[in-house]
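Numbering (numbering that gives the first Met the number 0), first residue to last: 0 to 617.
For every residue, glycine included, the Cβ atom is placed at its ideal position computed from N, Cα and C.
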Amino acid sequence: MSDQEQDDDFAVDSLDPSQRTDDRGGPPDDWEAPSWRDFKRIQWWYRWRPDQAHRLDPPPVLMLGHRGGEFFFVSAARELRAFTSAQLHGRGGLADLFAGDVRWAVRHFPARDRDGAATGRPNVPPLMEALIAGCKVKGYYDGSQPFRSIGTWLEGGRPLVHTGSSIFHDGRLCQPGEEIGVARYVLGPDRAPPAHSRDRFGYEWQPLDPAGRNTIMAHLAEWHWDSPEACELAAGKIWCDALGDVPRWKTHGFIRAHAGSGKSTLLQYMSALLGAAAHPIQRTYSKTHLEEIGKHTALAILLEEAEGDAGEDAHRLQQILKLLLLLSDEGAVGGRFKREIDLHGPVTMVATLTDDWRSTVKSRVILLELRSLKAREGHRMMSLEEVAAMTAVAKAISAGFRAAALASFDLFNQNLKLARARILELGGDPRDADTVGHPIAGHATMTLGRVMTPDEVGALDRFRPWITTLRDQEDGVDDAMDLIMTLFGLPAQNWRGGDQLTVGQLIARAREPDNDDYRKALLPYGLRLDRRQLIDGTQETWKQAWLAIAHRHPGLDRLFGDYPKFQGLRRSQILGELKFNGEVAAKPADRPLRFAGPQGRAWLIDPRLLPSVEDDRQ
């Protein structure tokens with residue numbers, strides 16, 4: 000074997016750095032071969048010229064670990080890939096893993112012909128063995144590390160913008176495949192970046208100027224909002240949408256649109272303004288569909304009402320509700336951070352749904368309203384051509400708008416702190432402070448470009464109608480009373496005279512003395528009337544009986560199928576807070592009760608809250 004061949008062999012199988020006494024990275028001082036591999040750190044070093052020192056030469060392939068006979072990589076194409084040993088050594092494995100560019104592999108693992116001459120191709124077996132060994136050093140791959148693609152993320156307290164082939168983070172430009180913080184940022188489809196300038200040190204955002212931001216406010220005012228404050232909140236919501244997954248609280252928006260309000264053109268305008276910060280407008284709301292189009296992304300989700308019969312409103316609302324709950328609290332179901340959907344970003348929906356939105360996800364959704372354009376007095380309705388021109392302007396300034404939101408992130412947080420504090424002072428709860436505070440802070444940051452003054456903070460009282468806790472106090476409704484009223488209004492599987500009874504009507508009839516059939520009909524729903532024994536040994540009348548509601552029961556879960564927040568143990572927790580005229584109106588049963596098979600604990604509801612047959616006669 001020639002001296003050159005020996006050098007190449009040592010370049011591939013260099014000494015384990017644990018044998019070095021100085022624990023220094025890089026090859027030993029007397030290492031003469033051009034290539035050197037650090038087993039411990041999974042590094043390759045290369046000397047490009049004989050008169051130069053060795054320099055780090057990282058592979059274009061990232062080794063992640065191994066599991067079940069598979070080895071996991073971020074390929075040179077910046078995709079997460081898994082290979083078996085046979086696939087790595089087989090036909091196509093090299094080209095697939097290195098995306099056709101094998102120059103690095105040739106440098107460190109050169110193949111030679113029988114005469115010892117370099118072939119210009121890599122020596123595949125030792126190359127793949129080295130990559131497999133690197134995966135072994137990385138350890139067991141459990142897939143727990145988040146993989147993130149395009150969108151705007153929060154990393155290390157600073158916004159990170161992933162545009163597919165470039166990553167912008169804290170003034171530094173990174174490449175897909177890098178591990179930043181707790182996540183691995185993989186290659187994604189190219190998206191237009193926010194407006195920025197570059198130099199040899201990094202980048203700098205080029206935000207839209209105040210005149211451009213005022214133009215946006217003037218554009219939004221062309222739609223007929225039910226109040227000026229609603230228009231301001233809509234603008235602030237779009238500002239938050241431009242930040243993707245960065246805000247710690249995702250404020251979702253529902254814009255209830257009357258007929259002829261221009262809901263489709265509004266959504267198109269929002270889409271143009273957000274540009275690459277949003278997914279295309281969607282009309283399918285299922286988790287499967289949305290994950291298919293946007294897995295690993297952090298972009299705003301814009302939903303438009305799907306065409307259908309009015310009777311489908313409840314089904315559509317249920318789909319949207321489930322989506323919002325999955326996208327809130329880090330997508331938690333059964334515990335915070337246990338994601339069941341890999342989408343990150345706020346939702347905005349524009350629709351004419353007639354269901355009572357407030358009674359479902361009122362703590363997570365800000366409800367705005369659009370009125371008919373023709374019903375607006377003293378304001379000329381724009382032509383379709385003018386709306387199209389306005390949308391074109393929004394598209395043109397989109398990059399600057401997104402850059403402004405990113406550049407003003409610290410200012411946004413300062414205004415958010417002030418807005419939250421004011422909402423809490425007014426009597427709102429922490430969720431109100433987050434849900435309403437974020438769009439308020441977005442609007443203030445967008446239009447003022449500075450921190451709100453004390454007078455401007457005091458003027459936030461005008462947003463009281465959107466503070467859910469205050470509205471509920473005015474209406475005399477809270478979550479517990481909302482649950483009870485919702486239960487009474489749900490349809491039961493009981494008919495009389497061709498009419499379907501509600502659960503409330505069923506309870507009212509069960510309270511009549513001779514209606515055992517109705518009392519039995521309550522049991523499959525996890526409900527029953529419970530009479531207590533009086534001091535004289537007699538029992539309460541059925542009119543005096545308390546309504547027992549099981550803590551957990553499949554019949555109740557089916558009844559509340561369209562109301563996820565009233566499912567399972569959460570329902571029991573809410574009922575425990577029920578009050579009537581300031582008095583406790585729910586108490587725990589003193590013994591397990593049987594409900595058509597299942598037996599368990601229950602809450603007893605004060606009979607003063609129960610419906611009666613007299614109610615139907617009024």
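Can you name the residues that DSSP bridges to residue i?
{"i": "residue 569", "result": "BP columns for residue 569 are empty, so no partner."}
{"i": "residue 303", "result": "349"}
{"i": "residue 28", "result": "DSSP output for residue 28 lists no bridge partner at all."}
{"i": "residue 582", "result": "579"}
{"i": "residue 64", "result": "71"}
{"i": "residue 548", "result": "526 and 602"}
{"i": "residue 55", "result": "44"}
{"i": "residue 538", "result": "532"}
Three-state secondary structure (DSSP) at residue i?
{"i": "residue 73", "result": "strand"}
{"i": "residue 356", "result": "In this predicted model, residue 356 has a pLDDT of only 49, less than 50, meaning its place in the structure is not dependable; the value taken from the coordinates is given anyway. Looking at residue 356 - three-state DSSP - the assignment turns out to be coil, as it is neither helix nor strand."}
{"i": "residue 205", "result": "coil"}
{"i": "residue 280", "result": "coil"}
{"i": "residue 563", "result": "helix"}
{"i": "residue 634", "result": "This structure gives no information on residue 634, because the portion of the chain shown stretches from 0 to 617."}
{"i": "residue 263", "result": "helix"}
{"i": "residue 599", "result": "strand"}
{"i": "residue 296", "result": "strand"}
{"i": "residue 510", "result": "coil"}
{"i": "residue 41", "result": "coil"}
{"i": "residue 34", "result": "strand"}
{"i": "residue 677", "result": "Here the chain covers residues 0 to 617 and nothing more, so residue 677 does not appear."}
{"i": "residue 247", "result": "coil"}
{"i": "residue 417", "result": "helix"}
{"i": "residue 618", "result": "Absent from the model: residue 618. The displayed extent of the chain is 0 to 617, so no value can be given."}
{"i": "residue 590", "result": "coil"}
{"i": "residue 344", "result": "coil"}
{"i": "residue 274", "result": "helix"}
{"i": "residue 440", "result": "helix"}
{"i": "residue 554", "result": "helix"}
{"i": "residue 50", "result": "coil"}
{"i": "residue 429", "result": "helix"}
Using C-beta distances below 6 Å, list every residue in its chain close to residue i, excluding the 5 sequence neighbours before and after it, in chain order.
{"i": "residue 427", "result": "466 and 468"}
{"i": "residue 281", "result": "302"}
{"i": "residue 602", "result": "548, 574 and 585"}
{"i": "residue 136", "result": "41"}
{"i": "residue 421", "result": "456 and 459"}
{"i": "residue 507", "result": "610, 611 and 612"}
For residue i, which residues of its own chain have a beta-carbon under 8 Å away from its beta-carbon, when the five flanking residues on both sides are left out?
{"i": "residue 134", "result": "62, 63, 64, 65, 70, 71, 72 and 140"}
{"i": "residue 267", "result": "280 and 390"}
Let me know if residue i comes out buried or exposed under the rule of 16 or more other beta-carbons within 10 Å of its beta-carbon.
{"i": "residue 383", "result": "exposed"}
{"i": "residue 43", "result": "buried"}
{"i": "residue 453", "result": "exposed"}
{"i": "residue 240", "result": "buried"}
{"i": "residue 243", "result": "buried"}
{"i": "residue 348", "result": "buried"}
{"i": "residue 572", "result": "exposed"}
{"i": "residue 231", "result": "buried"}
{"i": "residue 373", "result": "exposed"}
{"i": "residue 55", "result": "exposed"}
{"i": "residue 438", "result": "buried"}
{"i": "residue 274", "result": "buried"}
{"i": "residue 411", "result": "buried"}
{"i": "residue 249", "result": "buried"}
{"i": "residue 594", "result": "buried"}
{"i": "residue 527", "result": "buried"}
{"i": "residue 151", "result": "buried"}
{"i": "residue 285", "result": "exposed"}
{"i": "residue 484", "result": "exposed"}
{"i": "residue 504", "result": "buried"}
{"i": "residue 431", "result": "buried"}
{"i": "residue 533", "result": "exposed"}
{"i": "residue 542", "result": "exposed"}
{"i": "residue 580", "result": "exposed"}
{"i": "residue 148", "result": "buried"}
Could you pull out every residue in the same chain whose Cβ sits closer than 7 Å to the Cβ of residue i, ignoring the five residues on either side in sequence?
{"i": "residue 108", "result": "11, 121, 122, 125 and 126"}
{"i": "residue 216", "result": "234 and 446"}
{"i": "residue 333", "result": "Caution is warranted here: a pLDDT of 37 is assigned to residue 333, below 50, making its placement in the model unreliable, and the coordinate value is therefore given only provisionally. None."}
{"i": "residue 514", "result": "508"}
Answer with yes or no whether the minimum CB distance from residue i to chain B is below 7 Å.
{"i": "residue 439", "result": "Here there is only one protein chain, and chain B is not present."}
Alpha helix (DSSP H) runs wholly inside the segment 77-159, at least 4 long, in chain order | 84-88, 92-97, 102-107 and 123-137
Beta strand (DSSP E) runs contained entirely in the segment 164-235, provided each spans 3 or more residues | As far as the segment 164-235 is concerned, its whole beta strand (DSSP E) runs of at least 3 residues are 166-168, 171-173, 182-184, 195-198 and 201-204.
Identify every run of the beta strand (DSSP E) within the segment 357-414, keeping only runs that are complete inside it and at least 3 residues long; order them along the chain.
-> 364-369
Identify every run of the beta strand (DSSP E) within the segment 443-502, keeping only runs that are complete inside it and at least 3 residues long; order them along the chain.
-> 490-495 and 498-501
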